[in-house]
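Novice: Residue numbers for the sequence shown follow the working numbering, so the first one is -15 and each next one is one higher.
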Amino acid sequence: MIVSVFGMGHVGLITAVMLGRFFDVICVEIDEEKLIRLRGGEVIFYEPGFDQTFNKVRDKLEFTDDASYAINTSDISFIAVGTPTKTDHSQDHSYLASVLQSIGEALKEKDSRHLVVIKSTILPGTSENLVIPILEHSSGKKHGEGFSVLINPEFSREGEALHDLQTPDKIVIGAHDFSTMNDFEEILKMVYVKNNVPLIKTNYVNAEMIKYAQNAFLATKISFINTIANMCEKIPSADVEIISKALGLDHRISSHFLRAGLGYGGSCLPKDIEVLSNLGRKIGYEPTLLDVVALVNEHQPQRVVTTAEEHLGSLLDQVVSLLGLAFKPGTDDIREAPSLRVIESLLEKGAKVRVYDPKALSKVENIFGNLIEYYKSTEDCLDGSDCCILVTEWDEFRSLKPDIFLKMKTPFVIDGRRGISHISKVVEYHAVGLGKESQTLW
Ligand code: UGA
-15 MIVSVFGMGH VGLITAVMLG RFFDVICVEI DEEKLIRLRG GEVIFYEPGF DQTFNKVRDK
45 LEFTDDASYA INTSDISFIA VGTPTKTDHS QDHSYLASVL QSIGEALKEK DSRHLVVIKS
105 TILPGTSENL VIPILEHSSG KKHGEGFSVL INPEFSREGE ALHDLQTPDK IVIGAHDFST
165 MNDFEEILKM VYVKNNVPLI KTNYVNAEMI KYAQNAFLAT KISFINTIAN MCEKIPSADV
225 EIISKALGLD HRISSHFLRA GLGYGGSCLP KDIEVLSNLG RKIGYEPTLL DVVALVNEHQ
285 PQRVVTTAEE HLGSLLDQVV SLLGLAFKPG TDDIREAPSL RVIESLLEKG AKVRVYDPKA
345 LSKVENIFGN LIEYYKSTED CLDGSDCCIL VTEWDEFRSL KPDIFLKMKT PFVIDGRRGI
405 SHISKVVEYH AVGLGKESQT LW
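Structure, rendered in structure tokens:
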């Protein structure tokens, strides 16, 4: 069988590579530069272990910008184009609409039935009100006759995408008829090694909503634990890590997504909360909880800057070194990364900002240029600085020798991710969610 994947972003390329283990895959991308790089065998983002998997299946992948060729050559198309947010907080469907239009036009010529699988994150109602109408209009064919649409939301995480795709906790498929679901199930059986993956078969709106509800819940857990962490900082000897560990042992809560820090970033959680909340308002429900989750998250990066200011007094001309810039470890992605907010705030206060990250340095340089200084190692970044903030908990920071921090002018360290507590004895150590023994409660 030949399959096609539209959109070579993170989800699209990883999906294509996973499918490439079983099928020939036509990968459609309209960005010419991306296409050239992919054709040249370049992996266009950092994802642990991905380049080896990519190289193994490279011969099975064909990269093209020709939608008509992809549709007429394949039996199934996976759509993984981005659905960003507009300035009015609604979802931008322009990439999706444009891909669907070209798929529909190609379907005009096709004799056999085609399955269109939507992996892009779309709001409830989008399949019925946008996806199917565009395909019907541009192909001149009826849904269920010339083509079928199925929703199959993606739950993999950046940095752990290969693991998540191979062993998902669940698979959700939304369709309007059982025969489409059953056809797709046969394909899923071939792809997933773990045969007992729970399968949720439902209608379109539920499949669409599950994705949003899940990301909103994850974001809620993070803002919740950050709220507890922020309170712990004001309570002598309180430690959010111990509290979080105890909470996680209750099976009703679970230990995941209870790590306090500088808040959630990335291309999914912030955007999904925003558009879900906007949808709530549009359909006549004020989603207060979602708004508060987002608000807590918005303030969270600023807290480490306030801690630095409280300790150092004015930050004017103080040298502050940031360790980690990516929105999470295991990726070079800086979209909505808390590091960007921390840098902006430090610059506003007149600090001299130095940064180091194992993978995301050049992306941050594209934004801040010569406003900040870029270092190729932790050691150089810390040398002579007044304050260090751990922003992203890469493994290499967890294993840093405490002595490295003694190269700072004043070894004052704020651990924004609870990743370097092992240095707490040799430096003046402040951490997210850790109350100082010396302070008084009331
Ligand atoms: C998220 C979801 O976890 C995936 O299930 C989903 O498929 C994906 O969005 C998507 O919608 O495509 P991702 O954005 O890659 O995945 O990253 P996460 O692992 O969810 O982390 C998001 C942010 O939360 C990061 O900034 C991370 O540092 C932060 N986080 C995570 C915490 O601050 N504390 C935690 O305990 C966990």
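Where is the CB? At the ideal position from N, CA and C, for every residue including glycine.
Quick one: is the Cβ of Lys44 within less than 6 angstroms of any heavy atom of ligand 1?
Specialist: Indexing the sequence shown from 1 puts residue 44 at position 60. No, the beta carbon of Lys44 sits no closer than 6 angstroms to any heavy atom of ligand 1.
Novice: Quick one: using the 10 Å Cβ neighbour count with 16 as the cut-off for buried, is Leu253 buried or exposed?
Specialist: Mapped onto the sequence shown, residue 253 falls at position 269. By the 10 Å Cβ count, Leu253 comes out buried.
Novice: Taking 8 angstroms as the threshold, find out whether the segment 91 to 111 comes into contact with the segment 119 to 137 through three or more Cβ pairs.
Specialist: Yes, they touch.
Novice: Taking C-alpha atoms, which residue in Lys195, Ile327, Leu242 and Gly143 lies nearest to Ile157?
Specialist: Mapped onto the sequence shown, residue 157 falls at position 173. When each option's Cα is compared against that of Ile157, the closest is Lys195.
Novice: If you reduce the DSSP assignment to three classes, tell me which class Phe47 lands in.
Specialist: The residue labelled residue 47 in the question sits at position 63 within the sequence shown. In the structure shown, Phe47 sits in a strand (DSSP, three-state: E or B).
Novice: Touching or not, the segment 142 to 151 and the segment 313 to 323, by the rule of three or more beta carbon pairs under 8 angstroms?
Specialist: The answer is yes - the segment 313 to 323 touches the segment 142 to 151, with three or more Cβ pairs under 8 angstroms.
Novice: Measuring alpha carbon to alpha carbon, tell me which of Leu134, Gly232, Ile212 and Ile155 ends up nearest Ser439.
Specialist: Not covered by the structure: residue 439. The range shown for the chain is -15 to 426.
Novice: Using the Cα positions of Arg23 and Gly268, report the straight-line distance between them to the nearest angstrom.
Specialist: Indexing the sequence shown from 1 puts residue 23 at position 39. Indexing the sequence shown from 1 puts residue 268 at position 284. Cα-Cα distance, rounded: 48 angstroms.
Novice: Report the three-state DSSP secondary structure of Asp161 (helix, strand or coil).
Specialist: Mapped onto the sequence shown, residue 161 falls at position 177. Reduced to three states, the DSSP call for Asp161 is coil.
Novice: On the criterion of 16 or more Cβ atoms from any shown chain inside 10 Å, does Arg265 qualify as buried, or is it exposed?
Specialist: The residue labelled residue 265 in the question sits at position 281 within the sequence shown. Exposed.
Novice: Assign Ser221 to buried or exposed, taking buried as 16 or more other Cβ atoms, counted over all protein chains shown, within 10 Å of its Cβ.
Specialist: Within the sequence shown, numbered from 1, the residue matching residue 221 stands at position 237. Answer is exposed; the Cβ neighbour count stays below 16.
Novice: What's the gap between the Cα of Arg464 and the Cα of Asp161?
Specialist: Residue 464 cannot be examined here, being either before or after the span of the chain that is shown, -15 to 426.
Novice: With a threshold of 7 angstroms on Cβ separation, who are the neighbours of Val27 within its own chain once the five nearest residues in sequence on each side are excluded?
Specialist: In the sequence shown, residue 27 corresponds to position 43, counting from 1. Once the five neighbours on either side are set aside, the close Cβ partners of Val27 are Phe34, Asp35 and Phe38.
Novice: Does the beta-carbon of Ser346 have 16 or more other beta-carbons within 10 angstroms, so that it is buried, or is it exposed?
Specialist: Numbered from 1 along the sequence shown, position 362 holds the residue referred to as residue 346. It is exposed - the Cβ of Ser346 has fewer than 16 other Cβ atoms within 10 Å.
Novice: Could you work out which residue in Ile327, Val326 and Ala310 is closest to Arg319 when comparing CA atoms only?
Specialist: Start at 1 with the first residue of the sequence shown, and residue 319 comes out as number 335. Nearest option by C-alpha distance: Ala310.
Novice: Sort out for me which residues DSSP pairs Leu306 with in a bridge.
Specialist: In the sequence shown, counting from the first residue as 1, residue 306 sits at position 322. Leu306 pairs with Val339 and Ile373.
Novice: When the Cα atoms are used, what is the spatial distance from Glu328 to His(-6)?
Specialist: Within the sequence shown, residue 328 is the residue found at index 344, counting from 1. Within the sequence shown, residue -6 is the residue found at index 10, counting from 1. Approximately 27 angstroms between the Cα atoms of the pair.
Novice: When you compare the CB of Cys371 with every CB in chain C, is at least one pair closer than 7 angstroms?
Specialist: The displayed structure is made up of one protein chain only, and chain C is not part of it.
Novice: Could you name the residues that DSSP lists as bridge partners for Phe396?
Specialist: Against the sequence shown, residue 396 aligns to sequence position 412. Per DSSP, Glu412.
Novice: Does the structure place the segment 166 to 176 close enough to the segment 214 to 230 that three or more beta carbon pairs sit under 8 angstroms?
Specialist: No, they do not touch.
Novice: Ile388 to Val339, Cα distance in whole Å?
Specialist: Locating residue 388 in the sequence shown gives position 404, where the first residue counts as 1. Locating residue 339 in the sequence shown gives position 355, where the first residue counts as 1. For Ile388 and Val339, the distance between alpha carbons rounds to 16 angstroms.
Novice: Taking 6 angstroms as the cut-off, is the CB of Glu16 close to at least one heavy atom of ligand 1?
Specialist: The residue given as residue 16 occupies position 32 in the sequence shown. Checking the Cβ of Glu16 against ligand 1 gives no.
Novice: What ranges does the beta strand (DSSP E) occupy inside the segment 234 to 317, keeping only unbroken runs of at least 3 residues that lie completely in it?
Specialist: Complete beta strand (DSSP E) runs here, min 3: 303 to 307.
Novice: Express the C-alpha separation of Ser361 and Ser104 in angstroms, rounding to a whole number.
Specialist: Locating residue 104 in the sequence shown gives position 120, where the first residue counts as 1. Locating residue 361 in the sequence shown gives position 377, where the first residue counts as 1. In a straight line, the C-alpha of Ser104 is about 37 angstroms away from that of Ser361.
Novice: From the DSSP secondary-structure annotation, give me the bridge partner or partners of Phe(-10).
Specialist: Here the question's residue -10 lines up with position 6 in the sequence shown. Looking at the DSSP assignment, Phe(-10) forms a beta bridge with Val12 and Ile63.
Novice: If I measure Cβ to Cβ from Pro322 and keep anything under 6 angstroms in the same chain, skipping five residues before and after, which residues do I get?
Specialist: Counting from 1 along the sequence shown, the entry for residue 322 is found at position 338. If we look at Pro322 and ignore the five residues flanking it on each side, its Cβ neighbours are Leu246, Gly247, Gly249 and Pro285.
Novice: Within 6 angstroms: the Cβ of Phe381 and any heavy atom of ligand 1?
Specialist: The count along the sequence shown starts at 1 and reaches residue 381 at position 397. No, ligand 1 has no heavy atom inside 6 angstroms of this Cβ.
Novice: How should Val276 be labelled, buried or exposed, when 16 other C-beta atoms within 10 angstroms of its C-beta is the threshold for buried?
Specialist: Walking along the sequence shown from the start, residue 276 turns up at place 292. Flag for Val276 reads exposed.
Novice: Just mark Ile55 as buried or exposed, buried being the case when its beta carbon has 16 or more other beta carbons within 10 Å.
Specialist: By one-based count along the sequence shown, residue 55 stands at place 71. Burial call: buried.
Novice: Nearest to Val289 by alpha carbon, out of Val397, Val9 and Ile404?
Specialist: For the purposes of this step, residue 289 is taken as residue 305 along the sequence shown, with counting starting at 1. Considering only alpha carbons, the answer is Val397.
Novice: Between which two residues does the beta strand (DSSP E) carrying Lys185 extend?
Specialist: Position 201 of the sequence shown holds residue 185. Where Lys185 is concerned, the enclosing beta strand (DSSP E) stretches over Leu183 to Thr186.
Novice: Mapping DSSP to helix, strand and coil, what is Val101?
Specialist: Position 117 of the sequence shown, counting from 1, holds the residue named residue 101. The answer is strand: DSSP assigns Val101 an E or B state.
Novice: So Ala51 and Ser74 are supposed to be a Cβ contact under 8 angstroms. How far apart are they, rounded?
Specialist: Sequence index remark: in the sequence shown, residue 51 carries index 67 (1-based). Sequence index remark: in the sequence shown, residue 74 carries index 90 (1-based). The Cβ separation is near 26 angstroms, so there is no contact.
Novice: Nearest CA to the CA of Ile404: which residue from Ile206, Leu299 and Thr376?
Specialist: In the sequence shown, counting from the first residue as 1, residue 404 sits at position 420. Per the Cα distances, Thr376.
Novice: Let me check you understand the geometry: is the CB of Ile206 closer than 6 angstroms to at least one non-hydrogen atom of ligand 1?
Specialist: In the sequence shown, residue 206 corresponds to position 222, counting from 1. It does: the Cβ of Ile206 is within 6 angstroms (strictly closer) of some heavy atom of ligand 1.
Novice: Any idea if Glu294 is buried or exposed, counting beta-carbon neighbours within 10 angstroms, 16 or more meaning buried?
Specialist: Taking the first residue of the sequence shown as 1, we reach residue 294 at position 310. When all chains shown are included, Glu294 counts as exposed.
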